[in-house]
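Chemist:
Residue numbers (this note's numbering), protein chains in the order written: chain A, 42 to 379; chain B, 2 to 326.
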């Protein structure tokens, strides 16, 4: 119920002009936003598209990053994104399923009130657990919202402090002879774990939204036929919300693909002509490559074409992922609203 | 009768029930993941700052007094508050960095808040349906631009254009960085404000029209005030994002920790300092702890602003649902 047809008001002269003027002013802000987007994307496409040749895509950088292509960065980004998705999507979907399917639908306030009103009645214990479960759901939701707001650089610090220094070094101490470092340094694995954490809230929120669109009748019909709750989720709820979940996952992944701050200290490498072959290897990354080319280049003008090419490829990658998400969403949105 | 009952709980059924119980347990564990990690993030960023309070050696170089109070001798604030953690005698005043963060954030919010709210008001009240269907993907596209790309744009294109147009002394300054940051904030302000404006019950508008108010008067004096909490929340959440944004400011801010109130000087933010210096720091040193302290600071500020923003949105939703239907 966003807007309604405004009534035809009888306004004359100054009042009418003032109204029109104010509305035009508001409309101007939309025009400004459109202009900004057009300038940014137009600039990158015009300068970038010429750089993208087969050689640029398929060759490693040469000559101290002044020449050549970005093949290792593309492979590194792809590997990182795939590893990240493998960790983030199942976990995010599971959390959302828990939040929507296993916690009381009536919310914390009502669940607690019901428990209080049940004094001396049978099944009071069950109502108490129900209220506690609602409390846990409330806390989880606020934790998810806060996780979404944690600055990406703090995720980077966390990746360094937790994954590398705590877990990685811990594993090394237990498995490696005489202080050799294998896990306790930046690597594809730890960068992917850090990014997965950053993507998690997006996946959770989108999946919960998708689960919400599945009508309750379907669940009830399945349960009435004797299916257990897991069977209902597995065979009824998940299949019918699959497209929504997929959209959320893709949008989350596209956000993760463009993030650089979390991987600064967790495994991205400045220059690495060899492709990563193991999860403990370091890797090149498109976004990090953009940062390096634009801030560390000895001759900015000379590297500009390479820079534009890299930015174009990165932008194309994230937009294609976004587009895929939006297309899936729009094609299946009205499935249950018929 | 008895046989049928037994059949209902045969081996296969028991297996099904067991599987169901197992999955319930697994999903319940997943429910804890977000809570556990938000706690761990705080714990592990804070853990590395503890030496500032306990370790004698670290304390000599970096402590709360040195961060926030101590000043060098000098005529101007630029000489008095200095961040030079790797100098012979390390100077670790946080003020140049805090000022830089605030300057960029304020410029970003000054740009994004009016434009975002105006666009939200326009699209929820005045835009024809077709136009609204264009605005939404445009905003989503803008939100989908990775911040490293936005930083690149600010560094290569915007900074040059601004300097040529306005004749700035420094190419990279708070205006340039703040504007680019503002571009990234617009989608946040727009999305949350628009949600709030659309949630205002239709009856409010009808009542206003019935009293003879014009379309703009209705939007400005009835709908916008009714959605004020959502608009406020959008500002708070945009602030949280602005404080923590890293790549745009690392690339477009000029990366100079100078204590200055001028918007035309280069700057360095908390996040950019961490990003720029963490790579070369000695693990466990005073400098290392100081950087983690900045991270903790960022975490706490964004946690508080996010909680506040979410709370405001939640209470408004409840009011709108419970109030006028």
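Beta carbons are placed, not taken as given, at the ideal position from N, Cα and C, and that holds for glycine.
(1) Throw me the rounded Cβ distance for the residue 220 (chain A) and residue 205 (chain A) pair, which I believe falls under 8 Å.
(2) Less than 7 Å between CB atoms is the rule here; does residue 378 (chain A) satisfy it with respect to chain B?
(3) Let me confirm a value: residue 95 (chain A) is counted as buried when at least 16 other C-beta atoms fall within 10 Å, else exposed. Which label applies?
(4) Contact criterion: CB-CB distance below 7 Å. Does residue 86 (chain B) meet it with respect to chain A?
(5) What residues in the stretch 143-157 of chain A bring their beta carbon closer than 7 Å to a beta carbon of chain B?
(6) Any C-beta of chain A sitting closer than 7 Å to the C-beta of residue 32 (chain B)?
(7) Round the Cβ separation of residue 142 (chain B) and residue 78 (chain A) to the nearest angstrom and send it over; I've been treating them as touching at under 8 Å.
(8) Compute the beta-carbon to beta-carbon distance between residue 333 (chain A) and residue 134 (chain A), rounded to the nearest angstrom, for a pair I have assumed lies under 8 Å.
(9) In chain order, what residues of the same chain lie with their CB nearer than 6 Å to the CB of residue 116 (chain A), ignoring the 5 residues before and after it?
(10) With 9 Å as the limit, tell me which residues of the stretch 235-261 of chain B have their beta carbon closer than that to any beta carbon of chain A; keep them in chain order.
(11) May I ask which residues mark the beginning and end of the alpha helix (DSSP H) holding residue 14 (chain B)?
(12) Please state if the CB of residue 244 (chain B) and the CB of residue 90 (chain B) are separated by a distance shorter than 7 Å.
(13) Buried or exposed, going by whether 16 or more other CB atoms sit within 10 Å of the CB of residue 256 (chain A)?
(14) Suppose the cutoff is 7 Å on Cβ atoms and the five residues either side in sequence are ignored; what does the same chain contact list for residue 302 (chain B) look like?
(15) Just to confirm, is the Cβ distance from residue 121 (chain B) to residue 16 (chain B) under 7 Å?
(16) Check whether the Cβ atoms of residue 264 (chain B) and residue 187 (chain B) lie closer than 7 Å to each other.
(17) Grouping DSSP H, G and I as helix and E and B as strand, with all else coil, what is residue 67 (chain A)?
(18) Would you say residue 327 (chain B) reaches chain A, if we count a Cβ-Cβ gap shorter than 7 Å as a contact?
(19) Is it buried or exposed for residue 13 (chain B), if we count other Cβ within 10 angstroms and need 16 for buried?
(20) What first and last residue would you give for the alpha helix (DSSP H) that runs through residue 328 (chain A)?
(21) When the distance is taken between beta carbons, is residue 185 (chain A) closer than 7 Å to residue 245 (chain A)?
(22) Roughly how many angstroms lie between the CA atoms of residue 298 (chain B) and residue 103 (chain A), to the nearest whole one?
(23) Taking Cβ-Cβ distances below 9 Å as the criterion, which residues of the stretch 271-288 of chain A are in contact with chain B?
(24) Residues of chain A with CB under 7 Å from residue 119 (chain B), in chain order?
(25) Answer yes or no: do residue 128 (chain B) and residue 93 (chain B) have a C-beta to C-beta separation smaller than 7 Å?
(26) What is the DSSP secondary structure of residue 60 (chain B), counted as helix, strand or coil?
(27) When the Cα of residue 177 (chain A) is compared with those of A:195, A:192, A:164 and A:141, which residue comes out closest?
(28) Among A:54, A:292 and A:73, which has the Cα closest to the Cα of residue 237 (chain A)?
(29) I need the straight-line Cα distance from residue 257 (chain B) to residue 269 (chain B), nearest angstrom please.
(30) Could you name the residues that DSSP lists as bridge partners for residue 108 (chain A)?
(31) Give the DSSP-derived three-state secondary structure of residue 287 (chain A) in the structure shown.
Modeler: On the basis of the data shown:
(1) Residue 220 (chain A) to residue 205 (chain A), Cβ: 16 Å. No contact.
(2) Note that residue 378 (chain A) has pLDDT 49, beneath the 50 cutoff, so the model's placement of it is unreliable and no number is given.
(3) exposed
(4) By the rule that beta-carbons nearer than 7 Å mark a contact, residue 86 (chain B) does not touch chain A.
(5) 143
(6) Interface residue, yes.
(7) 6 Å
(8) At roughly 35 Å, the Cβ-Cβ gap does not stay under 8 Å, so residue 333 (chain A) and residue 134 (chain A) are not in contact.
(9) 316
(10) 238, 241, 242, 244, 245, 246, 247, 248, 251, 252 and 256
(11) Where residue 14 (chain B) is concerned, the enclosing alpha helix (DSSP H) stretches over 12-48.
(12) no
(13) exposed
(14) 244
(15) no
(16) no
(17) helix
(18) Because chain B is modelled from 2 through 326, residue 327 (chain B) falls outside the range shown and cannot be assessed.
(19) exposed
(20) 327-336
(21) yes
(22) 41 Å
(23) 271, 272, 274 and 275
(24) 67 and 70
(25) Taking 7 Å as the Cβ cut-off, residue 128 (chain B) and residue 93 (chain B) do not qualify as a contacting pair.
(26) Here residue 60 (chain B) sits in helix by DSSP.
(27) Closest by C-alpha distance to residue 177 (chain A), out of A:195, A:192, A:164 and A:141, is A:141.
(28) A:292
(29) Taking the straight line from one Cα to the other gives about 5 Å.
(30) A:103
(31) DSSP, reduced to helix, strand and coil, places residue 287 (chain A) within a helical segment of the structure shown.
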